[in-house]
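Before any comments, here is the structure.
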Amino acid sequence: MKNLNVVIVGGGAGFGALLAEMAVEAGAAGIGIIDINAEGAEAALAPARAKGLKAASAACDIRTAAASQTAFSTVAAALGRVDTLINCAAVYPRRPTLGVTDEEWDLSNAINIKGTYHMMVAAIEQMRRQEPQGVVRGRIVNITSVDAFKAHPKNIHYAATKAAVVSLTRSVADHVAPDGILVNSVAPAGMATEKARALGFLDELAKASPLGRGGEPQEMAEWVLMAGGPKNTYMTGENIIVSGGYIYA
Ligand SMILES: NC(=O)c1ccc[n+]([C@@H]2O[C@H](COP(=O)([O-])OP(=O)(O)OC[C@H]3O[C@@H](n4cnc5c(N)ncnc54)[C@H](O)[C@@H]3O)[C@@H](O)[C@H]2O)c1
Numbered sequence: 578m579k580n581l582n583v584v585i586v587g588g589g590a591g592f593g594a595l596l597a598e599m600a601v602e603a604g605a606a607g608i609g610i611i612d613i614n615a616e617g618a619e620a621a622l623a624p625a626r627a628k629g630l631k632a633a634s635a636a637c638d639i640r641t642a643a644a645s646q647t648a649f650s651t652v653a654a655a656l657g658r659v660d661t662l663i664n665c666a667a668v669y670p671r672r673p674t675l676g677v678t679d680e681e682w683d684l685s686n687a688i689n690i691k692g693t694y695h696m697m698v699a700a701i702e703q704m705r706r707q708e709p710q711g712v713v714r715g716r717i718v719n720i721t722s723v724d725a726f727k728a729h730p731k732n733i734h735y736a737a738t739k740a741a742v743v744s745l746t747r748s749v750a751d752h753v754a755p756d757g758i759l760v761n762s763v764a765p766a767g768m769a770t771e772k773a774r775a776l777g778f779l780d781e782l783a784k785a786s787p788l789g790r791g792g793e794p795q796e797m798a799e800w801v802l803m804a805g806g807p808k809n810t811y812m813t814g815e816n817i818i819v820s821g822g823y824i825y826a
């Protein structure tokens, strides 16, 4: 991530906070965090601040376009330029397959799908105003999930939102390819973030893995940084599955 300014939406906890830390280790020039949890977002900037990098956070509920635009503009103005956007905010409550309520559908759709869309729109407007670095003007990585591709009891609405994000990734990638903006997604299998541990499904997933263990968040994050980093100059519209053989595509 050398010399890149990276904005992580949903970076106030778990996988997003880890990505912020790893981006700093990988040489990022600046980190922006957007999250509904203001305290978490500031805390996730600690590694960047410790290194004296540019760092900015904005508290935002990404369910609406106006709030998303404002938060993104605030962070982008503080950083000066945004090279990489990582969309990591999502909710994944478990519900019985035939018992998802309207409210539960609306919440998951609004955060996981619509929020991802709003942030991509804000980032693309910013990236289009920037000069390209080499052949790339900017990179976007959306976090999806293996659940987009596999029947998953108790996760039907979450799985559907992640499949929608795979679709959004392709459509947006195609639309902004002429601008030199690369848009990809990464689909991790279950990984031991605090939230996932609390939900208690990790043992079951580890047993289902041909590798005989669950993946560590770091092992998933490497692929996000690869897709969003300077080594990626030609991959766009792809979804990278990092599942240890849990699914094959
Ligand atoms: N943990 C896993 O096993 C796993 C597996 C596959 C994919 N994923 C995906 O990885 C990502 C991170 O998961 P995690 O386990 O770190 O979850 P997490 O709950 O720890 O982190 C999600 C972050 O999103 C933020 N957020 C939630 N609603 C928001 C809103 N309306 N506006 C702005 N921010 C909001 C939360 O405050 C939190 O900081 C998610 O996209 C998740 O679907 C996780």
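Residues in the sequence shown are numbered from 578 upward in steps of one, following this note's numbering. Where a beta carbon is used, it is the ideal one built from N, C-alpha and C, also for glycine.
- Item | Straight-line gap, A728 to A741 (C-alpha atoms, nearest Å) | 15 Å
- Message: Taking 7 Å as the cut-off, is the C-beta of E771 nearer than that to any heavy atom in ligand 1?
- Response: yes
- Message: So G791 and L782 are supposed to be a Cβ contact under 8 Å. How far apart are they, rounded?
- Response: 6 Å
- G609 in three-state terms, based on DSSP: strand
- Would you check whether ligand 1 has a heavy atom nearer than 7 Å to the C-beta of M768? yes
- Query: Applying the criterion that 16 or more other CB atoms from any shown protein chain within 10 Å of the CB defines a buried residue, is H752 buried or exposed?
  - Reply: exposed
- Contacting residues, own chain, Cβ-Cβ under 6 Å from A750 (five flanking each side not counted): V760, T813, G814
- Query: Is R714 closer than 8 Å to G757 when the C-beta atoms are compared?
  - Reply: yes
- Is A826 helix, strand or coil when you go by DSSP? coil
- DSSP beta-bridge partners of I585: I610, I663
- Grab me the residues of A785's own chain with a C-beta within less than 7 Å of its C-beta, minus the 5 sequence neighbours each way, in chain order. Y823
- Message: Considering only DSSP beta bridges, list what K631 is partnered with.
- Response: G607
- Bridge partners - A764, DSSP secondary structure assignment: I818
- Check whether T721 and V743 have beta carbons under 8 Å apart: yes
- Would P807 pass as a contact of L581 if the rule is Cβ separation under 8 Å? yes
- Query: When we look at the beta-carbon of Q703 and count the other beta-carbons within 10 Å, is it buried (16 or more) or exposed?
  - Reply: buried
- Closest by CA to K731, which one among T678, A590, L662? T678
- Task: Taking only runs that begin and end inside the region 737-782, name each unbroken alpha helix (DSSP H) of 4 or more residues, in chain order.
- Result: 771-776
- Let me know the secondary structure DSSP gives R790 once reduced to three states. coil
- Message: Between I733, K691, T661, which has its C-alpha nearest P670's C-alpha?
- Response: I733
- Please find out if some non-hydrogen atom of ligand 1 comes closer than 7 Å to the beta-carbon of A667. yes
- Message: I'd like to know whether the C-beta atoms of N686 and T738 end up nearer to each other than 8 Å.
- Response: yes
- Task: Count the other C-beta atoms from every protein chain shown that fall within 10 angstroms of the C-beta of R774, then say buried if there are 16 or more, exposed otherwise.
- Result: exposed
- Query: Relative to the alpha-carbon of H695, which residue among P709, E681, V763, N664 has its alpha-carbon at the smallest distance?
  - Reply: N664
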